[in-house]
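Sequence order for the protein chains is L and H. 142 is the number that numbering that gives the first Met the number 0 gives to position 143 of the first sequence; each next residue is one higher, with no gaps. 50 is the number that numbering that gives the first Met the number 0 gives to position 51 of the second sequence; each next residue is one higher, with no gaps. Just so you know, even glycine gets a beta-carbon here, dropped at the ideal spot from N, CA and C. Only a predicted model underlies this, so the values are computations on that prediction, with no experimental measurement involved. Have a look at the structure below, then the notes.
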Amino acid sequence: MVARVQALPFDLSAEMAGFGVGAGAVVTFTGVVRDDGGDLAALEIEHYPGMTEAALRDHGLTAAARFGLSDWRIVHRFGRIPVGGPIMMVATAARHRRSAFDGADFLMDWLKSRAPFWKREIARDGSASWVAARAADEDALSRW
Amino acid sequence: MTVEVLYFAWMRERVGHPRETVQTDAATPRALIAELAALSEGHAAAFADGAVVRCAVDQVLTDLDAPLGQPREVAFFPPMTGG
Chain L
0 MVARVQALPF DLSAEMAGFG VGAGAVVTFT GVVRDDGGDL AALEIEHYPG
50 MTEAALRDHG LTAAARFGLS DWRIVHRFGR IPVGGPIMMV ATAARHRRSA
100 FDGADFLMDW LKSRAPFWKR EIARDGSASW VAARAADEDA LSRW
Chain H
0 MTVEVLYFAW MRERVGHPRE TVQTDAATPR ALIAELAALS EGHAAAFADG
50 AVVRCAVDQV LTDLDAPLGQ PREVAFFPPM TGG
């Protein structure tokens, strides 16, 4: 049961060492910076120190209670992350696969539109633009 | 009361600084926004589109029309884009 915000890359295998021991199902998801338009160099992610960590922890606890997770982990980076670099990960552990998948999906939908992070795209020419919230992300949250 | 006001993302850029201390008797975040928007052109630009302003009072997401109480810290920011 860990929520962490950090600038450095994370090591998925290290994060998973000792995670969810005794569970019947473990799900992990890693988000990676992708370049859809061919001119993205990096993302810059801003957060709200203090609130972000607390919000991640609160939501992990909510997911654990709702989906019967025996363990969970959320790691989200901030600062500059180049294309191809990992942005964040969630891991969930439960007795059965459905709970682990649903718990991870729920956490991801929440992270997209309720966790205090703001993304800015840095193009190869150095220009920067803030990423606008997507209606689809808000709709996804309404599923829960 | 004395309140520390924080700004994030493009709202921070428009205001021109990440935080400031203000004196206010605003009853709600929305009333505080009206006071802040009058401080400078940058503040006015940051709050120009009320539909995209989100707020946290003492680090808890709060509706703009909820009672403000006596907070230590109020943050304003655009819709979040994590994940």
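Quiz prompt | Short Cβ contact (9 Å threshold) for F75/H with V59/H | solution = no
Exercise. Could you name each continuous beta strand (DSSP E) segment of 3 residues or more that falls completely within the segment 7-32 of chain H, going from the start of the chain to the end?
Key: 18-22
Quiz item: From H95/L, R142/L, A41/L and A22/L, pick the residue whose C-alpha is nearest to that of D104/L; which is it?
Solution: Relative to the Cα of D104/L, the nearest Cα in the group H95/L, R142/L, A41/L and A22/L belongs to R142/L.
Quiz item: When you compare only the Cα positions, how much space is there between F46/H and T61/H?
Solution: 17 Å
Exercise. Could you work out which residue in R33/L, T27/L and A2/L is closest to A93/L when comparing CA atoms only?
Key: T27/L
Quiz item: Taking the C-alpha atoms as reference points, what is the distance between G30/L and E52/L?
Solution: Using only the alpha carbons, I get a separation of about 18 Å.
Quiz item: What in chain H is Cβ-close to M88/L, meaning under 9 Å?
Solution: Those do not exist, as M88/L stays about 11 Å from chain H at its closest Cβ, beyond 9 Å.
Quiz item: Rounded C-beta distance between I80/L and L42/L? I'm assuming under 8 Å.
Solution: 5 Å
Quiz item: Can you give the Cα-Cα distance for M88/L and G36/L, rounded to whole angstroms?
Solution: 24 Å
Quiz item: What residues are listed by DSSP as bridge partners for H75/L?
Solution: V4/L and M87/L
Quiz item: For the candidate residues T91/L, S98/L and V74/L, whose alpha-carbon lies nearest to that of F66/L?
Solution: S98/L
Quiz item: Cβ of V1/L within 9 Å of Cβ of G59/L?
Solution: yes
Quiz item: Beta-carbon of G78/L versus every beta-carbon of chain H: anything under 9 Å?
Solution: no
Self-check item: Closest by C-alpha distance to V4/L, when choosing among G17/L, A114/L and V20/L
Solution: A114/L
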